[in-house]
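Take a look at the structure set out below.
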Amino acid sequence: MPRTVPPESAERLARENANDEIYERIYIAILEHRLHPGTKLGEDRLAKIFDVSRARVREVLSRLAHEQIVELYPQRGAFVAKPTPQQAMDVFEARRLIEPAILKRLVTHLTPDKVARLRQHQELELDARRRDDRRAVVRLSGEFHVLLAELAGNSALSRSLRELASLTCLIILLYDAPTAMSCRADEHSEVIEAIAKRDAARAEKLMLAHLDHIERSLSLDSNAGEVDLEAVFRD
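Reading the sequence shown from the start, the letters are residues 1 to 235 in UniProt numbering.
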């Protein structure tokens with residue numbers, strides 16, 4: 001006989017799935033630069049947009065705040081994180097420490113399937129560039145680094161890199177780094193080729209140069225205007 005799921009367990013699973021969907025939509029909106037740093041994430045508006053309770057929205061915002069993607073202020077509410085210049089430098093310092101370790105582990109545990117997944121992702125990024133789909137380019141560029149961490153097989157490193165990649169997307173938008181210059185497809189291709197050849201030292205060197213290139217492209221001015229939340233999440 002099929003196993004019966006207790007009603008309370010089924011309800012909890014449904015709630016978690018709904019929360020995950022809302023989380024991913026907000027997360028992707030940030031990666032694609034549809035939500036600007038400093039944007040207010042009003043609970044009432046989001047609850048109406050996603051047709052859920054304010055309590056459900058609050059759970060999602062707390063999760064995003066735990067990952068430092070969202071900032072919560074008493075009496076004011078939730079806002080998309082707005083990293084300071086010092087925080088931006090801290091993010092890149094952390095990435096320079098973490099990503100070489102990720103590449104070293106990935107090369108050590110490399111398989112043909114992992115190389116194929118990297119090449120498939122790169123083709124998606126190249127296709128987005130050919131179509132001049134800037135939102136997709138930004139998202140896929142960030143996801144490339146997250147994929148490296150996932151393929152390396154260390155869940156703690158993967159979680160850390162996902163958070164840092166999200167913050168980097170906010171930093172790029174906040175400090176107006178040109179998308180086409182800040183995360184170039186050819187630099188990703190060079191890293192993949194080094195990985196495929198199991199040349200960890202070269203992959204690490206290329207990654208550090210890549211991160212330096214992104215950081216150098218930043219400016220210190222931000223002129224992001226107010227964002228229409230309904231428009232961001234409209235299907």
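Note that beta-carbon positions come from the ideal geometry of N, C-alpha and C, so glycine has one too.
- DSSP, read as helix, strand or coil, puts K40 in strand.
- Take E71, set aside five residues on each side of it, and the residues of its chain with a beta-carbon closer than 6 Å to its own are F79 and A81, in chain order.
- Distance between E150 and L106, taken at the CA atoms: about 9 Å.
- In the three-state DSSP reduction, V70 falls in the strand class (E or B).
- Secondary structure at V60: helix, using DSSP grouped into helix, strand and coil.
- For the pair of segments examined, the segment 157 to 175 was found to touch the segment 134 to 149: the number of CB pairs separated by less than 8 Å reaches three.
- For G153, there is no enclosing beta strand (DSSP E), since its DSSP letter is neither H nor E.
- Note: V80 is bridge-paired with V70 in the DSSP secondary-structure output.
- Burial of E99 is indicated by the presence of at least 16 other C-beta atoms within 10 angstroms of its C-beta.
- Taking a contact to require three or more Cβ pairs closer than 8 Å, the segment 38 to 51 and the segment 84 to 97 do not qualify as touching.
- Take the alpha-carbon of K104 and the one of E190: they are about 15 Å apart.
- D176 and V137 have their C-alpha atoms roughly 15 Å apart.
- As for any alpha helix (DSSP H) of minimum length 4 sitting wholly inside the segment 184 to 233, the runs are 185 to 196, 200 to 216 and 229 to 232, ordered along the chain.
- Relative to the Cα of G38, the nearest Cα in the group Y23, R58, Q68 and R63 belongs to Q68.
- Within the same chain, no Cβ atom closer than 7 Å to the Cβ of A116 is found once the five residues on either side in sequence are excluded.
- Its Cα nearest to that of S53, the residue N19 stands out among N19, H188 and I30.
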